[in-house]
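Visitor: Start counting the sequence shown at 1; every next residue gets the next number (our numbering). Backbone N, C-alpha and C define an ideal beta-carbon position, used for all residues, glycine too. Keep in mind it's a predicted model, so treat the numbers as computed, not measured. Can you read through this structure? Questions will come right after.
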Amino acid sequence: MPGSRADGTTPTAAERGKARAVLNRLVKRYPDIGTALDYEDAWQLLVVTVLSAQTTDENVNKVAPSLFERYSTPGELADARPEDVEKIIYSTGFYRQKTKSIIRLAQDLEDKFDGQVPRDISELVKLQGVGRKTASVVLAEVWDIPAIAVDTHVKRVSARLGLTAESDPVKIEFDLMALYPRETWSGISMRVIQFGRDTCDAQRPQCGDCEMFRLCEWPDRFEKAGKPSP
Ligand code: SF4
1 MPGSRADGTT PTAAERGKAR AVLNRLVKRY PDIGTALDYE DAWQLLVVTV LSAQTTDENV
61 NKVAPSLFER YSTPGELADA RPEDVEKIIY STGFYRQKTK SIIRLAQDLE DKFDGQVPRD
121 ISELVKLQGV GRKTASVVLA EVWDIPAIAV DTHVKRVSAR LGLTAESDPV KIEFDLMALY
181 PRETWSGISM RVIQFGRDTC DAQRPQCGDC EMFRLCEWPD RFEKAGKPSP
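Following this line, the structure appears as structure tokens:
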């Protein structure tokens, strides 16, 4: 049985059918997709995800090898001197704040989970600086554990396509989980994020060339595509 949305309603068969059509198009466009961040395990993915705020994945991938060579375990990073870490991650921007965040994350991981990243969303979000979005990315990416991460792209694209009427990320997560079978969850976020970057841009969506046009419910799509609205 399908689950309930954030407002307690259950998606209709037609709504689930449309959601499936959206995902089928995304899978066709992005058959194999994962994060562009380089990592070797859950711990490293947590750290590089923090570092990826406000910068490109490419920038993070340039500094990550030096960081993990110097601090190969959460325990080592937990005891690091901030000024040493700052020098390594400087080029990713906001380096003071990010240094504080990853050291705190490492300390927290040591103190609460003996340095082992938990495989459970309700445990993961107990870590400093780890929200449901990051936790979902880690679960889906590292262990293929069903989870849907809702970031700004997922929020925007889901709203435009009419997959949710919510604006709160946790409620959107529930709405998407209600629409899609559990076994597909871990493949949704990364594809929607990439689609949001490539086509359904916040300011300049390419509605005229979009394979979702007929499925889309965003009123401005006609104007953006240069087509008369019906
Ligand atoms: S038609 Fe436009 S708004 Fe709708 S999904 Fe495509 S790019 Fe986004």
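Where are the alpha helix (DSSP H) runs, 4 residues long or more, that stay fully inside the stretch 55 to 129, in chain order?
Guide: Entirely contained in the stretch 55 to 129, the alpha helix (DSSP H) runs reaching 4 residues are, in chain order, 57 to 70, 74 to 78, 82 to 89, 95 to 113 and 121 to 124.
Visitor: Within 10 angstroms of its Cβ, does residue 35 collect 16 or more other Cβ (buried), or is it exposed?
Guide: With 16 or more Cβ atoms within 10 Å of its Cβ, residue 35 is classed as buried.
Visitor: Classify residue 90: buried if its beta carbon has 16 or more other beta carbons within 10 angstroms, exposed otherwise.
Guide: Under this definition residue 90 is an exposed residue.
Visitor: Just the C-alpha distance for residue 212 and residue 192, rounded to the nearest angstrom, thanks.
Guide: Distance between the alpha carbons of residue 212 and residue 192 is about 12 angstroms.
Visitor: Kindly confirm or deny that the stretch 105 to 112 and the stretch 5 to 24 touch, where touching means at least three C-beta pairs closer than 8 angstroms.
Guide: The stretch 105 to 112 is not in contact with the stretch 5 to 24.
Visitor: Identify, in the order they occur along the chain, each residue of the same chain with its Cβ nearer than 7 angstroms to the Cβ of residue 68, setting aside the five sequence neighbours on each side.
Guide: Same-chain partners within the cutoff: 44.
Visitor: Once the 5 residues before and after residue 135 are set aside, which same chain residues still bring their CB inside 7 angstroms of it?
Guide: So the list reads 121, 124 and 125, once near-sequence residues are dropped.
Visitor: Quick one: what does DSSP say residue 22 is sitting in, helix, strand or coil?
Guide: Three-state result, residue 22: helix.
Visitor: What's the gap between the Cα of residue 40 and the Cα of residue 194?
Guide: Roughly 22 angstroms separates the two Cα atoms.
Visitor: Hey, out of 170, 96, 92 and 137, whose CA is closest to residue 33's CA?
Guide: Nearest of 170, 96, 92 and 137 to residue 33, Cα basis: 137.
Visitor: Any heavy atom of the ligand SF4 closer than 7 angstroms to the Cβ of residue 237?
Guide: Residue numbering for the chain in the displayed model covers 1 to 230; residue 237 lies beyond these limits and cannot be assessed.
Visitor: Output the distance between the C-alpha atoms of residue 210 and residue 219, rounded to the nearest integer angstrom.
Guide: Spanning the two alpha carbons is a distance of roughly 14 angstroms.
Visitor: Using a Cβ-Cβ cutoff of less than 7 angstroms, which residues in the same chain neighbour residue 5 once the five nearest sequence positions on both sides are dropped?
Guide: Hits under 7 angstroms: 11, 174, 175 and 178.
Visitor: Helix or strand or just coil, what does DSSP make of residue 207?
Guide: Helix, per DSSP.
Visitor: Using three-state DSSP, classify residue 48 as helix, strand or coil.
Guide: If DSSP states are grouped into helix, strand and coil, residue 48 belongs with the helices.
Visitor: Return the residue from the list 58, 48 and 151 that minimises the CA-CA distance to residue 99.
Guide: If we check each option's Cα against that of residue 99, 48 comes out closest.
Visitor: For residue 15, which three-state DSSP category applies?
Guide: Note: residue 15 maps to helix in three-state DSSP.
Visitor: State whether the stretch 75 to 92 contacts the stretch 14 to 31, with contact taken as three or more CB pairs (one from each stretch) at a distance under 8 angstroms.
Guide: At 8 angstroms Cβ cutoff, the stretches do not touch.
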